[in-house]
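Data block below; observations after.
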Amino acid sequence: MTLTSYLARRLVLTIPVLLGMSVLVFLLLRLVPGDPAQVILGLRATPEGVAAIHRDLGLDLPVYQQYLVWMSNLLRGNLGVDYRSHQSVAELLATRIPVTVELAAVAMLMSIVIAIPLGVAASTHRGSGADKLALTLGVVGISIPDFWLGIMLILFIALGLGILPSSGYTPFGQNPIDNLKSVVLPAATLAAGLGAVLTRMTRASMLDVLRQDFVKVSRAKGLPELHVVYRHALPNAGMPIVTVLGLQSGYLLGGAVIVEQVFALPGVGNLVVNATLERNYPVVQSAVLLVALMFIVVNIATDVAYAFLNPRIRRV
Numbered sequence: 006m007t008l009t010s011y012l013a014r015r016l017v018l019t020i021p022v023l024l025g026m027s028v029l030v031f032l033l034l035r036l037v038p039g040d041p042a043q044v045i046l047g048l049r050a051t052p053e054g055v056a057a058i059h060r061d062l063g064l065d066l067p068v069y070q071q072y073l074v075w076m077s078n079l080l081r082g083n084l085g086v087d088y089r090s091h092q093s094v095a096e097l098l099a100t101r102i103p104v105t106v107e108l109a110a111v112a113m114l115m116s117i118v119i120a121i122p123l124g125v126a127a128s129t130h131r132g133s134g135a136d137k138l139a140l141t142l143g144v145v146g147i148s149i150p151d152f153w154l155g156i157m158l159i160l161f162i163a164l165g166l167g168i169l170p171s172s173g174y175t176p177f178g179q180n181p182i183d184n185l186k187s188v189v190l191p192a193a194t195l196a197a198g199l200g201a202v203l204t205r206m207t208r209a210s211m212l213d214v215l216r217q218d219f220v221k222v223s224r225a226k227g228l229p230e231l232h233v234v235y236r237h238a239l240p241n242a243g244m245p246i247v248t249v250l251g252l253q254s255g256y257l258l259g260g261a262v263i264v265e266q267v268f269a270l271p272g273v274g275n276l277v278v279n280a281t282l283e284r285n286y287p288v289v290q291s292a293v294l295l296v297a298l299m300f301i302v303v304n305i306a307t308d309v310a311y312a313f314l315n316p317r318i319r320r321v
């Protein structure tokens, strides 16, 4: 099977996943207590006013008809309108997606740059101080909740030292330096858990590879240790590392919801939380479906990376 057909098969399999996700999100929102009309009208709500809002929003239709209308509009590129601001949901998401993507990308970069070298050092110096440090940081990073770590970083670094902002976001186009400052603490908060898992996985995978015969042969030939480790051992330990990165991308997208709330970032996660509290169906449905699509795309990219690293997978 060629890489093109392999990729095409993966893309086809995403269709039922997205369809199932759309049904699940749609039904779960309808099960959440609360009425969008009551939220919109507030204390001024009357039975007549609620009925009028239901007619305007199409909420007086049976649930299955509401779903079909939503899907029909979705397939035409119409994501609906925000109940509160009357702004197009597509335009609303377009302003929020870059924030969440940047946050996840910087967190991923931080974890890769720190965790992989630390995991490699721990594996090549097993039992040393570096190994014990890596294991300790791995346990601590996995155990600490994102919201608690975010609050601690705000207290000690943003408020205590005053070197980074405690909340808010500056677009990159407006001021690149301020943009970086506004993302560092949230990204570090999000990177802690991923970095911990990645460190432990890199260490375990490298320990397994370093025991193999080809590594012993490379060392016997007199090759420099760094050459043996980074040129021969690390690439062969790459499959489990890629697996962790692919699976943990979902953690990054899910963790972004909490981190954006803690640091008041105007991302998709913050939008979903506020829209859920307001029973803003079009925003929540479209945003959650978008996050699911992003997660699927990352997993497809992981599958493609597998195919490049191990061509035998393409025959599966």
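In my numbering, each residue carries its 1-based index in the sequence shown increased by 5.
Glycine residues also receive a C-beta, built at the ideal position from the N, C-alpha and C atoms.
As the structure is a computational prediction, the values presented were derived from the model and not from experiment.
Annotated three-state conformation of valine 86 is strand, per DSSP. Taking every protein chain shown into account, the CB of tyrosine 286 has 16 or more other CB atoms within 10 angstroms, so this residue is buried.
With respect to the C-alpha of alanine 95, the residue from Pro103, Val104, Arg89, Gly85 having the closest C-alpha is Gly85. Going by C-alpha positions, threonine 207 is about 36 angstroms away from serine 27. Under the DSSP assignment, asparagine 275 falls in the alpha helix (DSSP H) whose first and last residues are 273-282.
In terms of CA proximity to threonine 141, Gly124 leads the group Leu36, Thr129, Gly124. Relative to arginine 35, the option among Val68, Ala297, Arg60 whose CA is nearest is Val68. Excluding five sequence positions before and after aspartate 136, the CB atoms of its chain that fall closer than 7 angstroms to its own CB belong to Ala127, His130, given in chain order.
Taking 8 angstroms as the cut-off, the Cβ atoms of alanine 163 and leucine 190 count as close.
The continuous stretches of alpha helix (DSSP H) do not include isoleucine 168, and DSSP gives it neither H nor E. In the three-state reduction of the DSSP assignment, serine 93 falls in the strand class, which pools E and B. Taken atom to atom, the span from the alpha-carbon of serine 171 to that of alanine 310 is near 37 angstroms. Across the structure, alanine 120 and histidine 91 are spaced so that their CA atoms are roughly 44 angstroms apart. In the three-state reduction of the DSSP assignment, lysine 186 falls in the helix class. Along the length of the region 230-300, whole alpha helix (DSSP H) runs at least 4 residues long occupy 243-267, 273-282, reported in chain order. Leaving aside the five residues that flank glycine 39 on each side, the residues in its chain whose CB is nearer than 6 angstroms to its CB run, in chain order, Arg284. Taking a cut-off of 8 angstroms on C-beta distances, the region 72-86 does not touch the region 231-243, as fewer than three cross pairs fall below it.
Contact annotation: the region 94-113 touches the region 269-281, with at least three C-beta pairs closer than 8 angstroms. Aspartate 40 sits in coil when the DSSP states are folded into three classes, being neither helix nor strand.
If one requires a minimum length of 4 residues, the alpha helix (DSSP H) runs lying completely within the region 104-155 are 134-148, in chain order. Between the alpha carbons of proline 245 and glycine 47 lies a distance of about 52 angstroms.
Valine 262 is positioned such that its CB atom lies closer than 8 angstroms to that of valine 278.
Distance from the CA atom of valine 17 to the CA atom of leucine 24, rounded to whole angstroms, is 12 angstroms.
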